[in-house]
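Going by this note's numbering, the first residue of the sequence shown is number 642, and it counts up by one from there.
Every residue, glycine too, gets a C-beta built ideally from N, C-alpha and C.
Note that the coordinates shown come from a computational prediction; the quantities given were computed from them, not determined experimentally.
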Amino acid sequence: AALNGDFFTYACWGLPSVALGAAGAFLAMAGIVNALRESGLRMIAWVVLGGLGLGQGVMESFDVGGIFSLYVALFVVAAALNRGKQPSGLQSAKGVGLVAVLALSAALMAGHALSNLTRTEGKVAVAQQQQLTKEQKWDFATQWSLPKAETLRVAVPGLFGYRLDSEEGARYWGSVGQSPGWKPGMSGLDRHSGYGVYAGMLVLLVCLWALMQAFRGEKSIFNIVDRRWVFFLSALVFISVLFAWGRHAFFYSLLHPLPFFSSIRNPIKFMHPASLFLVILFAYGLEGMARAYMDEQKNKGSDFIGWIKNWFGDLKGWDRRWCQIMAGLLAFGVLAWVFYAAVQSDLSRHLTETLEIGTDGESIASFSLKMLGVSLCMLFVAVTTMIL
């Protein structure tokens, strides 16, 4: 969680409040999980502690903390319903009650800070918004959206460069922060970066393992409760990415008119909960792998090479299919790199002539290709590690 590219780069860029907001969300979810193992006053105490942690995160990160709070509320209801049997009305009511106690505790912690913010900066922001047309409000709110192609940065961090002032071809050439309708020669912001959404190649691979294990149903290493959690977490990650696309897709337009969302900006912030739940999904994958492969240690003996050969020979069922999937991912990655290498001259011309990014279009294109190659090497290391 600490080294997740989203939280880490925001902190390095000068906004550690995002990491503090994520920490508050983690504390709140931990409090809820512990509360559901208890009863009576002990249960209430855990919920209150979780709410205070969430409130601290809201107080530090404001609208980002508010987004985390909504996701935590969904998590609380899911935790109350997913208790190993068919959900009932009583479980639903319990979930709503836990959300209420959590919200009151968070408000106790963060209420004074939010009220002060509303009375000062909030009034100024509202006055500015009232002077804008509906289209201008939309453009202002969605300027920092994640372009769909740049979702690949979750797996390849340097594909579109890093910072605006990076050297040796690492200059950012994507369109995050770009003014709507901007073209070279126009006024406005052409692009802005300094943070990334990289999750980690091994993290993504283990998350994929967990999701595919959950799809195995009764044959899965996960029980029914764990499978529901894996599906729930995966759905939250997927929905968050759709919202993070902002003005580059229609999904955020469904959300933006609603209360709270109409007063915040920058849909790319939805990559924060996506990153948070990827971390939890990664933990589920590691736990499932530990259950599947580490409960019974087989004696390898002194002939390690012979043991490896026997393992490949005996490979069947799920393990065989998973190894084929990993081999397919590697093959696809190699083909993607070859194709990207073949269009380097076109990319360099696009950077220099269309985007008018400067005279270093060739070095930027070369750096992007190199970063894809580095990520492919990381995928190979992750696949090898998982096989071992």
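Less than 8 Å between the CB atoms is what I'm expecting for A642 and V920, so what's the real figure, rounded?
-> Working through the sequence shown from its first residue, we reach residue 642 at position 1. Working through the sequence shown from its first residue, we reach residue 920 at position 279. Confirmed, about 5 Å.
Does the beta-carbon of W952 have 16 or more other beta-carbons within 10 angstroms, so that it is buried, or is it exposed?
-> As a first step, residue 952 is located in the sequence shown; it is residue number 311 there, counting from the start. So W952 counts as exposed.
With a 10 Å radius around its C-beta and 16 neighbouring C-beta atoms as the bar for buried, classify C848 as buried or exposed.
-> Along the sequence shown, one-based indexing puts residue 848 at 207. C848 comes out buried.
Which of the three DSSP states, helix, strand or coil, is assigned to T1000?
-> For this step, residue 1000 is matched to residue 359 along the sequence shown. If DSSP states are grouped into helix, strand and coil, T1000 belongs with coil.
Helix, strand or coil for L874, going by three-state DSSP, please let me know.
-> Locating residue 874 in the sequence shown gives position 233, where the first residue counts as 1. Helix at L874.
Label K950 either buried or exposed according to how many other C-beta atoms from any shown protein chain fall within 10 Å of its C-beta, with 16 as the threshold for buried.
-> Here residue 950 corresponds to residue number 309 of the sequence shown, with the count starting at 1. Looking at its Cβ environment, which holds fewer than 16 other Cβ atoms inside 10 Å, K950 is exposed.
Which of helix, strand or coil DSSP assigns to D704 = The residue given as residue 704 occupies position 63 in the sequence shown. Looking at D704 - three-state DSSP - the assignment turns out to be helix.
How long is the line joining the alpha carbons of Y839 and A855, rounded to whole angstroms?
-> Taking the first residue of the sequence shown as 1, we reach residue 839 at position 198. Taking the first residue of the sequence shown as 1, we reach residue 855 at position 214. Here the C-alpha atom of Y839 lies approximately 24 Å from the C-alpha atom of A855.
Roughly how many angstroms lie between the CA atoms of K778 and S820, to the nearest whole one?
-> Numbered from its first residue, the sequence shown carries residue 778 at position 137. Numbered from its first residue, the sequence shown carries residue 820 at position 179. Cα to Cα, K778 sits roughly 13 Å from S820.
Pick out whichever of Q732, A714, G999 has its Cα sitting closest to the Cα of L745.
-> The sequence position of residue 745 within the sequence shown is 104, counting from 1. L745 has its Cα closest to that of A714, out of Q732, A714, G999.
Report whether the distance from the Cβ of S710 to the nearest heavy atom of the ligand ADP is below 7 Å.
-> Among the components modelled here there is no ligand, and therefore nothing to report on the ligand ADP.
Can you give me the Cβ contacts of E809 inside the same chain, cut-off strictly under 8 Å, excluding the 5 residues immediately before and after it?
-> Numbered from its first residue, the sequence shown carries residue 809 at position 168. The residues are S1004, F1008.
Do F918 and L846 have their CB atoms nearer than 8 Å?
-> The sequence position of residue 918 within the sequence shown is 277, counting from 1. The sequence position of residue 846 within the sequence shown is 205, counting from 1. At least 8 Å separates the beta-carbon of F918 from that of L846.
Within its chain, find whatever has a CB closer than 8 Å to the CB of R832; leave out the 5 residues flanking it on each side and keep chain order.
-> As a working note, residue 832 is residue 191 in the sequence shown. Taking C-beta separations shorter than 8 Å and ignoring five residues to either side along the sequence, the partners of R832 in its chain run L805, Y813, W814, G815, S816, V817, G818, Q819, following chain order.
What distance in whole Å lies between the Cβ atoms of Q985 and L1010, which are believed to be in contact at a cut-off of 8 Å?
-> Position 369 of the sequence shown, counted from the start, is the residue given in the question as residue 1010. Position 344 of the sequence shown, counted from the start, is the residue given in the question as residue 985. Sure, about 6 Å apart at Cβ, within 8 Å.
Beta-carbon proximity of C671 to G696, cut-off 8 Å = Along the sequence shown, one-based indexing puts residue 671 at 30. Along the sequence shown, one-based indexing puts residue 696 at 55. The question names Cys, yet the displayed sequence has Ala at residue 671. No. Outside cutoff.
Relative to the C-alpha of G662, which residue among A676, F709, I685, S680 is closest?
-> Here residue 662 corresponds to residue number 21 of the sequence shown, with the count starting at 1. With distances taken between Cα atoms, G662 lies closest to F709.
Would DSSP call Y934 helix, strand or coil?
-> Mapped onto the sequence shown, residue 934 falls at position 293. Y934 falls in the helix class under three-state DSSP.
May I ask which residues mark the beginning and end of the alpha helix (DSSP H) holding Q854?
-> Along the sequence shown, read from residue 1 onward, the residue named residue 854 stands at position 213. Taken as a continuous stretch (DSSP letters only), the alpha helix (DSSP H) holding Q854 covers 842-855.
Proximity of Y981 and L1020 at Cβ, strictly below 8 Å = Residue numbering aside, residue 981 sits at position 340 when the sequence shown is read from its first letter. Residue numbering aside, residue 1020 sits at position 379 when the sequence shown is read from its first letter. The Cβ atoms of Y981 and L1020 do not sit closer than 8 Å to each other.
Close beta carbons around R794, own chain, < 7 Å, minus the five adjacent residues each side | Looking up residue 794 in the sequence shown gives position 153. Residues of the same chain with a CB within less than 7 Å of the CB of R794, apart from the 5 flanking positions on each side, are L800, F801, G837, V838, Y839 in chain order.
What does a CB cutoff of less than 8 Å around C964 pick up in its chain, not counting 5 residues either side in sequence?
-> The sequence position of residue 964 within the sequence shown is 323, counting from 1. The residues are L956, I1028.
What did DSSP end up calling Y839 once you bin it into helix, strand or coil?
-> In the sequence shown, the residue the question calls residue 839 occupies position 198. Three-state DSSP puts Y839 in coil, outside helix and strand.
Can you tell me whether H753 is buried or exposed, with buried defined as 16 or more other CB within 10 angstroms of its CB?
-> As a working note, residue 753 is residue 112 in the sequence shown. It counts as exposed.
Among A933, G646, S894, A666, which one has its Cα closest to the Cα of G707?
-> On the sequence shown, position 66 is the one that residue 707 refers to. G707 has its Cα closest to that of A666, out of A933, G646, S894, A666.
First and last residue of the alpha helix (DSSP H) that includes Q985?
-> The residue given as residue 985 occupies position 344 in the sequence shown. Where Q985 is concerned, the enclosing alpha helix (DSSP H) stretches over 985-990.
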